[in-house]
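Trainee: Could you have a look at this structure, given as structure tokens, before my questions?
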Amino acid sequence: MVVNLHLLFSFVVIVFSLSSGSALAANSTSLTRSLNKSPQVLQIINDSATLHEAFNLSPHDTLIKSKQRVDKRGFSHTRYRQAYRGVPIWGEEIIINRDRSGRAIYVNGRLIHNLADSQLDTMPHISANSALNTMQARVKNRPSNNSPLIFRNESSELVIFLAAGKPKLSYAVSFFADSRDGGQPTRPTFLVDAHDGSVLFEYEGLTHVQMATGPGGNAKTGLYSFGDEFEMLDVDIDMAASSCTMNTPNVKTVDLNHSESGSTAFSFTCNENSVYINEHKFINGAFSPLNDAHYFGGVVFDMYNEWLNESPLTIPLMLRVHYSTNYENAFWNGSSMTFGDGLTTFYPLVSLDVMAHEVSHGFTEQHSGLIYSGQSGGINESFSDIAGEAAEFYMKGSADFKVGADIIKDPDGALRYMQDPTLDGSSIGHAADYYNGMNVHYSSGVYNRAFYLLVHTEGWDVKEAFILFATANRDYWSPSDGFDKAYDGLLAAASGLGYDQADITAAFQQVGIPKPPPGPVCDNSNTATSSLVNGSSTDNFSGVAGEWRCWVLEVGAEATDLDVVLRNTAKGKKTNPGDADLYINFGRSPLVDPSIPDGVFDCGSYTPSSDESCLMTSSNIPTIESSLYIAVYAYSSFPSVKLTANYSPDTNGETPPLPTSDITLTATEKGGRNKKFVSLNWTGAITEMVNIYRKDRDQDNYSLLTETQNDGAYKDNDGSSYNSYQLCDVGQTSQSCSNVTP
């Protein structure tokens, strides 16, 4: 028997945690906490003919298989991207793991529902090249860039981006840029609105930190010799040319010689009558960074190959050494690992743990794709730190749990400390200390400490713990996973590996993961709860940062087109509107952690302003009379807002109500080819606010576009001649509506 999963989603949203909706009804359902913990859901997936049927996707939604791996047990691990009208959703993946018989045993990721209700226009007004060129110009014009930039690894993909939960047609633009004259390299990612070219989101994606012999090490580690203390260097020997080249099937090492570009493997003179020795070159206290890089790159490759039975990257490792002049960093740019020579703080940054760190950023990018921002960025950084300690353990049999200790010039210093991340003065070791916007290198401390605690649990060592984290990264984590969801992935990986889940739980409890579920925000005696009547508005009210205000709206049976709007009413252009957020939930108070935001609520709107709205159509509204709890949170103090709630009775599919002669509405398409909009003008409306409805030509019903001031005019920047419109008074017992525009 096939059960409609949509009905189960509705149940899951209320009973489990981690479901949040947007103001434009692009509601998301988390597949980790909500679905994987429910055997009933896995049964539905297994009983359904297709995933499209199981997940109750609309005709416009598709799941595109992006990657699949079959492990040595015969279990499959498949990643899918959800697309709407052929456009993929950025930053989201759905992962389904199946046993040998093909039955689903684990699901992770987020499904985005009701995108059709958002009236999202999937036709871009600007081109992919235009978005790319504009963002490159933006980077060129930064004050820190005083010389021409060289661009590589360019990408501009049309996607749907959920901006504070609201779907926006966007271009995901990324590239690597540096200069021949030195300076700071950069690898930014921009989400660019595909209609107006505005930047919706951005973050820096540059992730930091035959046989031959020769010296290695630095003034801190001491001099050592490859072929003596360590094994000899693998090189390619050309006897005819009397040259040895640092180019093997697994590792290619490049001497940039203080430039910013280059890909030619380093060669040195050798012949059959001599020992093949490379002594190039001593710099900044290090005896031969090229030798160190080439050797340690081979160690990292061998570790992944031996412990995980796969290469760390889908391409051979390219290691670029002696980058620029006095460059005190190392980075992965999407295709190669690059190492500076340091200056006053660092020796050349070619230690074993730094090498493994940068290579492992590539491993993450090619598997889970953890977004390098927020909690997912902290996990991304932590995994690379963990890989560094694993490489030390693989080569030496022990790890110091100090990141970069061999290349920092402070005799007792390190970049980060896994045993106690707070020792660096900035990192955190507990999830409760995380805040939005925290540097990913500092938030990495949470998972770093959990790893340290797990390694020091009886029966565990660095190898087992690294295999656990790497398996979760490869098969269970999705790009937007935060602390709690990635923890779920670790438990799932442990199950497949036969590891003790209780030990993992004990280690993560010490760093505050998983976070306790949030409590009801409207059931606290300190939170005033008032009644709200359909179609009415509150008086203007203010809020102090951290304060909650709550209302209850009784919603009648068979209601449709519920619209809850919060509007900034502060006067004066110089008045700071603050940041008020809106959450609603049927049946009981929303359960909200507003700092993430996360919890249990039917819709949430939390843009960085005090203008918020939640729209719900009949498919998401209970069919019986229900209490709607409305909560407003002061993310920061706000001076004045007004709350309005309105719903329409069921009209047998005709939404909004039938036209009357009281209001006259005209709709005119204007603008140039790439900047089209619809100008709406009306007369005859009598209420302070009016509702404007819009319908695409391929849709049967109207959806609420906006509630706006009754000033006789409105500009729909996303509208076109393919839309029809209708306008209605708000909150009238006998509602008056306009004609329907062509």
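Letter by letter, the sequence shown follows residues 1 to 742 in our numbering.
For each residue, glycine too, the CB sits at the ideal point set by N, CA and C.
From a predicted model like this one, the values you see are computed outputs, not experimental measurements.
Assuming contact is defined by CB atoms lying nearer than 9 angstroms, are residue 408 and residue 414 in contact in what I supplied?
Mentor: For the purposes of this step, residue 408 is taken as residue 408 along the sequence shown, with counting starting at 1. For the purposes of this step, residue 414 is taken as residue 414 along the sequence shown, with counting starting at 1. It is a contact, given that the beta carbons lie within the stated cut-off.
Trainee: Whole angstroms is fine: what's the gap from residue 515's alpha carbon to residue 431's?
Mentor: Within the sequence shown, the letter at position 515 stands for residue 515. Within the sequence shown, the letter at position 431 stands for residue 431. Going from the Cα of residue 515 to the Cα of residue 431 covers about 8 angstroms.
Trainee: List, from N- to C-terminal side, the alpha helix (DSSP H) runs of 4 residues or more that fit wholly inside the stretch 458 to 500.
Mentor: DSSP runs (the alpha helix (DSSP H)) wholly in the stretch 458 to 500: 462 to 475 and 483 to 497.
Trainee: Is the Cβ-Cβ distance between residue 358 and residue 441 less than 9 angstroms?
Mentor: As a working note, residue 358 is residue 358 in the sequence shown. As a working note, residue 441 is residue 441 in the sequence shown. No, the Cβ-Cβ distance between residue 358 and residue 441 is not below 9 angstroms.
Trainee: Within 10 angstroms of its Cβ, does residue 402 collect 16 or more other Cβ (buried), or is it exposed?
Mentor: As a position in the sequence shown, residue 402 is number 402, starting the count at 1. Buried is the call here.
Trainee: Whole angstroms is fine: what's the gap from residue 193's alpha carbon to residue 71's?
Mentor: What you label residue 193 is simply residue 193 of the sequence shown in a count that begins at 1. What you label residue 71 is simply residue 71 of the sequence shown in a count that begins at 1. The alpha-carbon atoms of residue 193 and residue 71 are separated by roughly 40 angstroms.
Trainee: Which complete beta strand (DSSP E) runs does the stretch 239 to 300 hold, if anything under 3 residues is left out?
Mentor: 243 to 245, 251 to 255 and 267 to 269, all fully within the stretch 239 to 300.
Trainee: Could you give the DSSP three-state label for residue 764: helix, strand or coil?
Mentor: Beyond the ends of the chain as shown, which are 1 and 742, falls residue 764; an answer cannot be given.
Trainee: Alpha carbon to alpha carbon, how far is residue 556 from residue 648?
Mentor: For the purposes of this step, residue 556 is taken as residue 556 along the sequence shown, with counting starting at 1. For the purposes of this step, residue 648 is taken as residue 648 along the sequence shown, with counting starting at 1. Spanning the two alpha carbons is a distance of roughly 9 angstroms.
Trainee: Just to confirm before moving on: does the CB-CB distance between residue 562 and residue 617 stay below 9 angstroms?
Mentor: Your numbering for residue 562 matches position 562 in the sequence shown. Your numbering for residue 617 matches position 617 in the sequence shown. Yes. Within cutoff.
Trainee: Run through DSSP, which three-state label would residue 105 get?
Mentor: Stepping through the sequence shown from its first residue, residue 105 is reached at position 105. It is a strand residue.
Trainee: Check residue 359 in the structure and name its three-state DSSP category.
Mentor: Stepping through the sequence shown from its first residue, residue 359 is reached at position 359. Looking at residue 359 - three-state DSSP - the assignment turns out to be helix.
Trainee: Since residue 69 is in the beta strand (DSSP E), which residue starts that stretch and which ends it?
Mentor: Sequence index remark: in the sequence shown, residue 69 carries index 69 (1-based). Its beta strand (DSSP E) spans residues 61 to 70.
Trainee: In terms of alpha-carbon separation, which member of 687, 696, 254 and 676 lies closest to residue 716?
Mentor: Indexing the sequence shown from 1 puts residue 716 at position 716. The residue with the shortest Cα to Cα distance from residue 716 is 676.
Trainee: Would you call residue 295 buried or exposed, if buried means 16 or more other Cβ atoms sit within 10 Å of its Cβ?
Mentor: What you label residue 295 is simply residue 295 of the sequence shown in a count that begins at 1. Buried.
Trainee: What number of angstroms, rounded off, separates the C-alpha of residue 635 from the C-alpha of residue 707?
Mentor: Reading the sequence shown from its first residue, position 635 is the one you call residue 635. Reading the sequence shown from its first residue, position 707 is the one you call residue 707. Straight-line Cα distance between these residues: approximately 23 angstroms.
Trainee: Who are the Cβ neighbours of residue 85 in its own chain at under 6 angstroms, not counting the five residues just before and after it?
Mentor: Start at 1 with the first residue of the sequence shown, and residue 85 comes out as number 85. Same-chain partners within the cutoff: 60 and 122.
Trainee: Bridge partners for residue 566 per DSSP, in chain order?
Mentor: Along the sequence shown, read from residue 1 onward, the residue named residue 566 stands at position 566. Per DSSP, 612 and 643.
Trainee: Distance check for residue 690 and residue 727, CA to CA, integer angstroms please.
Mentor: Within the sequence shown, the letter at position 727 stands for residue 727. Within the sequence shown, the letter at position 690 stands for residue 690. Using only the alpha carbons, I get a separation of about 7 angstroms.
Trainee: Taking residue 418 as the reference, which of 434, 280, 439 and 452 has the closest Cα?
Mentor: In the sequence shown, counting from the first residue as 1, residue 418 sits at position 418. The residue with the shortest Cα to Cα distance from residue 418 is 452.
Trainee: CA-CA distance, residue 246 and residue 213?
Mentor: Indexing the sequence shown from 1 puts residue 246 at position 246. Indexing the sequence shown from 1 puts residue 213 at position 213. Straight-line Cα distance between these residues: approximately 12 angstroms.
Trainee: Just reading off the beta strand (DSSP E) that residue 337 is part of, what are its end residues?
Mentor: Locating residue 337 in the sequence shown gives position 337, counting from the first residue. Its beta strand (DSSP E) spans residues 337 to 340.
Trainee: For residue 349 and residue 426, I'd like the C-alpha separation in whole angstroms.
Mentor: Stepping through the sequence shown from its first residue, residue 349 is reached at position 349. Stepping through the sequence shown from its first residue, residue 426 is reached at position 426. In a straight line, the C-alpha of residue 349 is about 21 angstroms away from that of residue 426.
Trainee: So the candidates are 438, 433, 445 and 44; which of them puts its Cα closest to the Cα of residue 416?
Mentor: Within the sequence shown, the letter at position 416 stands for residue 416. The shortest C-alpha separation from residue 416 is found at 445.
Trainee: On the DSSP bridge list, what partners appear for residue 56?
Mentor: Against the sequence shown, residue 56 aligns to sequence position 56. Beta-bridge pairing links residue 56 to no other residue.
Trainee: Within 10 angstroms of the Cβ of residue 74, are there 16 or more other Cβ atoms? Answer buried if so, exposed if not.
Mentor: Position 74 of the sequence shown, counting from 1, holds the residue named residue 74. Counting Cβ neighbours within 10 Å, residue 74 comes out exposed, since fewer than 16 surround it.
Trainee: Check residue 75 in the structure and name its three-state DSSP category.
Mentor: On the sequence shown, position 75 is the one that residue 75 refers to. Coil at residue 75, not helix or strand.
Trainee: Is the CB-CB distance between residue 685 and residue 741 below 9 angstroms?
Mentor: Within the sequence shown, numbered from 1, the residue matching residue 685 stands at position 685. Within the sequence shown, numbered from 1, the residue matching residue 741 stands at position 741. Against a cut-off of 9 angstroms, the Cβ pair of residue 741 and residue 685 comes out as no contact.
Trainee: In the DSSP assignment, the alpha helix (DSSP H) including residue 449 goes from what residue to what residue?
Mentor: Here residue 449 refers to the residue found at position 449 of the sequence shown. Where residue 449 is concerned, the enclosing alpha helix (DSSP H) stretches over 445 to 455.
Trainee: Is the CB-CB distance between residue 191 and residue 307 below 9 angstroms?
Mentor: As a first step, residue 191 is located in the sequence shown; it is residue number 191 there, counting from the start. As a first step, residue 307 is located in the sequence shown; it is residue number 307 there, counting from the start. No, the pair does not count as a contact, with Cβ atoms beyond the cut-off.
Trainee: Helix, strand or coil for residue 401? Go by DSSP, reduced to three states.
Mentor: Along the sequence shown, one-based indexing puts residue 401 at 401. Correct three-state label for residue 401: coil.
Trainee: Can you tell which of 329, 48, 148 and 360 has the C-alpha that lies nearest to the C-alpha of residue 102?
Mentor: Against the sequence shown, residue 102 aligns to sequence position 102. Nearest C-alpha to residue 102: 48.
Trainee: What would DSSP say about residue 573, mapped onto helix, strand or coil?
Mentor: Indexing the sequence shown from 1 puts residue 573 at position 573. Looking at residue 573 - three-state DSSP - the assignment turns out to be coil, as it is neither helix nor strand.
Trainee: Bridge partners for residue 510 per DSSP, in chain order?
Mentor: Locating residue 510 in the sequence shown gives position 510, counting from the first residue. None, per the DSSP bridge assignment.
Trainee: Evaluate residue 223 with the Cβ neighbour count: other Cβ atoms within 10 Å of its Cβ, from every protein chain shown; 16 or more gives buried, anything less gives exposed.
Mentor: The residue given as residue 223 occupies position 223 in the sequence shown. The residue is exposed, with fewer than 16 neighbouring Cβ atoms inside 10 Å.
Trainee: Given that a residue counts as buried once 16 or more other Cβ atoms are within 10 Å of its Cβ, and exposed if not, what is residue 751?
Mentor: Outside the displayed span of the chain (1 to 742) sits residue 751, for which this structure offers no information.
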